[in-house]
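The opening residue of the sequence shown carries number 11 in the numbering used here; numbering runs sequentially from there. We put the beta carbon where it would ideally sit given N, CA and C, even for glycine. Please read all numbers here as calculations on a predicted model, not as lab measurements.
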Amino acid sequence: MTGRFRTVNAILEQVGASRPARKGELGRGDYVLVMTENSVYSIQVLEHATYRVRGGWFDRQRLSPVTLSIAGCTWGGSAIRNDIVAARGLHLEFGNRVLTSRIRDVLVIRHSEREGEGLRPLHAAELLAACYGPRAEALSAA
């Protein structure tokens with residue numbers, strides 16, 4: 011009897027997932043906005059594989075902003091892609107072992123070198139409203 015299995019890469023190709031936000035392609039100061047089934051996270055790339063994270067679980071625990079690592083993305087099990095910050099259809103796992111719900115969308119905002127074009131911090135309610143519109147109130151109550 012021969013066993014069959016699929017790798018995370020094969021699953022991503024099969025479902026036609028959007029291009030993932032890869033750690034190696036992100037630079038200091040870049041932001042990654044991650045919209046999951048239940049939350050929105052704002053992730054700023056810092057130095058030495060660390061990230062400043064706001065939103066979602068961290069807001070609910072009153073920890074935002076928090077600086078930590080990102081372990082990678084999983085399909086919900088133990089197989090992890092440690093080279094990816096976020097990819098549609100997967101779950102993001104932070105360095106403190108917090109695992110998000112399934113990722114719905116990912117937006118990468120590149121850092122601008124010009125003065126005055128930085129991003130201001132947003133609270134989770136603002137991010138939810140921007141991403142989900144009228145459904146935001148129902149999501150933030152959950």
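Proximity below 7 angstroms, CB of residue i to CB of residue j
i: isoleucine 80; j: phenylalanine 104; result: yes
Own chain residues within Cβ distance below 6 angstroms of residue i, not counting five before or after
i: proline 30; result: Ile94, Ala97
Residue from the options whose Cα sits closest to the Cα of residue i
i: threonine 60; options: Leu78, Thr46, Gly87; result: Leu78
i: glycine 86; options: Leu56, Leu100, Val76, Leu117; result: Leu100
i: arginine 62; options: Arg72, Gly82, Tyr41; result: Tyr41
i: lysine 33; options: Gly66, Leu56, Ile113, Thr46; result: Leu56
i: glutamine 54; options: Cys83, Asp115, Arg38, Arg107; result: Arg38
i: valine 76; options: Arg91, Trp67, Ser49, Ile113; result: Trp67
i: aspartate 115; options: Ser52, Leu36, Glu35; result: Ser52
i: threonine 84; options: Arg112, His58, Asn48, Pro144; result: Arg112
i: arginine 70; options: Leu102, Asn48, Ala140, Tyr142; result: Asn48
i: arginine 64; options: His58, Gly82, Met45; result: Met45
Within-7 angstroms CB hit, residue i to chain C
i: leucine 117; result: Considering every chain present, this structure includes no chain C. It has just one protein chain.
Nonlocal neighbours in the same chain, by C-beta distance under 8 angstroms from residue i, ignoring five residues either side
i: leucine 36; result: Val42, Val55, Val95, Val118
Neighbourhood of residue i by C-beta, 7 angstroms cutoff - its chain only, sequence neighbours within 5 removed
i: asparagine 92; result: Ala81, Gly82
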